[in-house]
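Beneath this line is the structure, given in structure tokens, with notes to follow.
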Amino acid sequence: MKRKEWDRRGLEGVPLKLLLVALLISTSLPVVASNMDDYRTAVGAAGVGAEASRLASSISEVHAAGEGNVRIVTVELPRGQDTWIEIGGDGIDAMSVRGFSAGKAVDPVYLEDPPVRVIADGGSMVIGDGTSTVRLECIQADGRLVVRAGASA
């Protein structure tokens, strides 16, 4: 049998091909890493938005059930992505559930049909990342029904 031997072109061609492959990988790696980071941020924002909507729905249900109604709601936010939800506050903030992901605001959910005011100790309540339990109670305040939010024991 005849053994095939490398010629000069073959020996020069292999390192050139390896260099081109390494160049392609090094130029596309930052783009892929950036897309993965954007995807992770988008998934975190979607998770915060979904939890904010669920919490707003629970607040509306407590209000609709009337004075004395109490609900315990478990809120789960993605860990390690700088996420939180705020409820209560002054003015229009008292009638909204505001989510934040990666330090940026996610579309707030307004409690508008009917308008429901949420009160919390200290003006507003911040629910941090991870799993938190919130106690929602419909009470009479200032001559109207409002929902008081607080940490559940």
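Position 20 (the sequence shown) corresponds to 952 in the numbering used here; numbering is contiguous. The beta-carbon is built from N, C-alpha and C at its ideal position, and this holds for glycine as well. Nothing here was measured: the structure is a model prediction, and the numbers come from that model.
Counting pairs of Cβ atoms below 8 Å between the segment 1044-1052 and the segment 1070-1078, do you hit three or more? yes
The beta strand (DSSP E) enclosing R1011, as first and last residue numbers: The count along the sequence shown starts at 1 and reaches residue 1011 at position 79. Segment: none, R1011 is in no beta strand (DSSP E) and carries neither H nor E.
Considering only residues of the same chain and omitting the five flanking positions on each side of R1067, which have a CB-CB separation below 6 Å? Taking the first residue of the sequence shown as 1, we reach residue 1067 at position 135. If we look at R1067 and ignore the five residues flanking it on each side, its Cβ neighbours are I1004, G1082 and S1084.
Give the straight-line distance between the Cα atoms of G1023 and T1063, rounded to the nearest whole angstrom. As a first step, residue 1023 is located in the sequence shown; it is residue number 91 there, counting from the start. As a first step, residue 1063 is located in the sequence shown; it is residue number 131 there, counting from the start. Those two C-alpha atoms are separated by around 28 Å.
Going by DSSP in three states, V963 sits in which element: helix, strand or coil? Taking the sequence shown and counting its residues from 1, the one referred to as residue 963 is at position 31. Here V963 sits in helix by DSSP.
In whole angstroms, what separates the C-alpha of D1025 from that of G976? Locating residue 1025 in the sequence shown gives position 93, counting from the first residue. Locating residue 976 in the sequence shown gives position 44, counting from the first residue. If I take the Cα positions, the gap works out to 22 Å.
Give every residue of the same chain whose Cβ lies closer than 8 Å to the Cβ of E999, excluding the five residues on either side of it in the sequence, and list them in chain order. Against the sequence shown, residue 999 aligns to sequence position 67. So the qualifying residues of the chain are C1070, I1071, Q1072 and L1077.
For V964 and A978, I'd like the C-alpha separation in whole angstroms. Residue 964 sits at position 32 when you count from the first residue of the sequence shown. Residue 978 sits at position 46 when you count from the first residue of the sequence shown. So the two alpha carbons sit approximately 21 Å from each other.
Please state whether DSSP places E993 in a helix, a strand or coil. Here residue 993 refers to the residue found at position 61 of the sequence shown. Helix.
Just tell me which of S1028, D969 and R1080 has its CA closest to the CA of P1047. Taking the sequence shown and counting its residues from 1, one reaches residue 1047 at position 115. That would be S1028, whose Cα lies nearest to the Cα of P1047.
Skipping 5 residues on each side, what residues in its chain have a beta carbon closer than 6 Å to that of V1041? Working through the sequence shown from its first residue, we reach residue 1041 at position 109. Excluding residues within five positions, the ones whose Cβ falls inside 6 Å are A984, S985, A988 and V1029.
Proximity below 8 Å, CB of V1007 to CB of I1017: Here residue 1007 corresponds to residue number 75 of the sequence shown, with the count starting at 1. Here residue 1017 corresponds to residue number 85 of the sequence shown, with the count starting at 1. In contact: V1007 and I1017 (Cβ atoms closer than 8 Å).
For L952 and S958, what's the separation of their Cα atoms in angstroms? As a position in the sequence shown, residue 952 is number 20, starting the count at 1. As a position in the sequence shown, residue 958 is number 26, starting the count at 1. In a straight line, the C-alpha of L952 is about 10 Å away from that of S958.
For R895, which residues in the same chain have their Cβ closer than 6 Å to its Cβ, ignoring the five residues on either side in sequence? In the structure displayed, the chain extends from 933 to 1085; residue 895 sits before or after that span and is not available.
For L1043, count the other beta carbons within 10 Å of its own beta carbon; 16 or more makes it buried, fewer makes it exposed. Which is it? Taking the sequence shown and counting its residues from 1, one reaches residue 1043 at position 111. Burial call: buried.
Using a Cβ-Cβ cutoff of less than 8 Å, which residues in the same chain neighbour F1032 once the five nearest sequence positions on both sides are dropped? For the purposes of this step, residue 1032 is identified with residue 100 of the sequence shown, where counting begins at 1. Same-chain partners within the cutoff: V980, D1014, T1015, W1016, I1017, E1018 and V1038.
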